[in-house]
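Scroll down for the structure; my scribbles are underneath it.
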Amino acid sequence: MKKNAHYLLLVIGMLLINAGIVIAHIYPVNDFLNGMLKGLGIVSLVAFIYYSIKFRKLKSA
392 MKKNAHYLLL VIGMLLINAG IVIAHIYPVN DFLNGMLKGL GIVSLVAFIY
442 YSIKFRKLKS A
């Protein structure tokens with residue numbers, strides 16, 4: 392149950408960060424903020440892929 396909660400939090404966090412990236416594209420506040428949001432989006436995407444692979448391995452084991 393705890394693993395599912397962590398997975399859900401990761402998905403929600405990724406959606407929020409990606410929503411932030413979309414907003415940054417529509418309303419560019421400044422270059423620094425845009426760069427930070429894009430960096431966070433990429434990190435969250437990598438983390439999401441890593442955890443999804445990890446959870447699949449745990450489920451199959």
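Heads up, the numbering used here is the position in the sequence shown plus 391, with the first residue counted as 1. We put the CB at the ideal spot given by N, CA and C, even for glycine.
Whether residue i touches residue j by CB criterion (8 Å)
| i | j | result |
| --- | --- | --- |
| leucine 399 | tyrosine 442 | no |
| phenylalanine 439 | lysine 394 | no |
Cβ-heavy atom distance, residue i to the ligand ZN, below 7 Å
| i | result |
| --- | --- |
| leucine 399 | Summarising the ligand content, the structure contains no ligands, and the ligand ZN is consequently not present. |
7 Å CB neighbourhood of residue i in its chain, flanking five on each side removed
| i | result |
| --- | --- |
| asparagine 421 | none |
| request: Inspect the CB distances between the region 393-410 and the region 423-437 and report whether three or more fall short of 8 Å. | output: yes
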